[in-house]
Structures are given as C-alpha cells and as structure tokens.
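S.K.:
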Amino acid sequence: MTQPNSIKPLAKGDAPNLVGNEGYVAFIRDVKQRIQSSQIKAAVKVNQELLLLYWDLGNKLFPYWKTLNLATACRQIEITVNFTQNTLSDGLRTEQYDAE
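Residues in the sequence shown are numbered from 0 upward in steps of one, following numbering that gives the first Met the number 0.
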C-alpha cells in the first residue's frame, strides 16, 4: 500500500514535467554545481598529496642513487618503478609482497 506522501517511481518512458517548476530546476542546477565543485576540490587535494609524496620519495631515494654509477642508478630506478607499478597495479594490492 502506498503512503500518502510517498513518491511514486516513474513508469518506463515517463519523464517528470519540469516546465514551470523553476524551483526544482534551480535546485538540480545547484546540486550539479556543488557536485562538480566538490569533484574539482577532491582532484586538487589528491594531486597535492601525490606531489608531496613523490617529492619526499625523490628526496629519500636520490642520495642513494647519487652514489651509484649512471648505468647502475638508471637500472635501479627502472627496478624500483617496475616493482612499484606491479605491486600497485590493482589499486593498493600488496599482499604478495607484505610477507617479504
């Protein structure tokens, strides 16, 4: 039994009539704008955190790589990059390397 104030789902092919309903249209426009704004803020924050991480990693790894000859340093960088990509290829999957 349907509640008196419940919203009925639209039948397939039906669309809500928004003509003349400026309040609803403005509400939806505001929701979309707020979602997009939040997505941009989240992307900026993620990029900021990743840049700080990469900068820190570079500062920690560079002194070690600086002690190696160029060919060995390049090979070590390649090994580190491949290891990191393989362990993070499925998101944050690390279980096969956690025991090491």
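Every residue gets a Cβ at the ideal spot worked out from N, C-alpha and C, and that includes glycine.
Remember, predicted model here, so these are calculated numbers, not experimental data.
Please return the same chain residues whose Cβ sits closer than 6 angstroms to the Cβ of Ala98, not counting the five positions on each side in sequence.
M.R.: Here the model assigns Ala98 a pLDDT of 46, short of 50, so the residue's position is not dependable, and the following value carries that caveat. Taken in chain order, the list of residues that qualify is empty.
S.K.: Provide the residue span of the alpha helix (DSSP H) that contains Asp86, from first to last.
M.R.: A small fix is needed here, since residue 86 is Thr in this sequence, not Asp. Leu69 to Thr86 is the span of the alpha helix (DSSP H), which, as asked, contains Thr86.
S.K.: Which two residues bound the contiguous alpha helix (DSSP H) that contains Asn20?
M.R.: Counting along the chain, Asn20 falls outside any alpha helix (DSSP H), and DSSP gives it neither H nor E.
S.K.: Just the Cα atoms here: how many angstroms apart are Gln84 and Ala42?
M.R.: Near 21 angstroms, if we compare the C-alpha coordinates of Ala42 and Gln84.
S.K.: Looking at Trp64 and Gln75, is the spacing between their C-beta atoms short of 8 angstroms?
M.R.: Going by C-beta atoms, Gln75 is nearer than 8 angstroms to Trp64.
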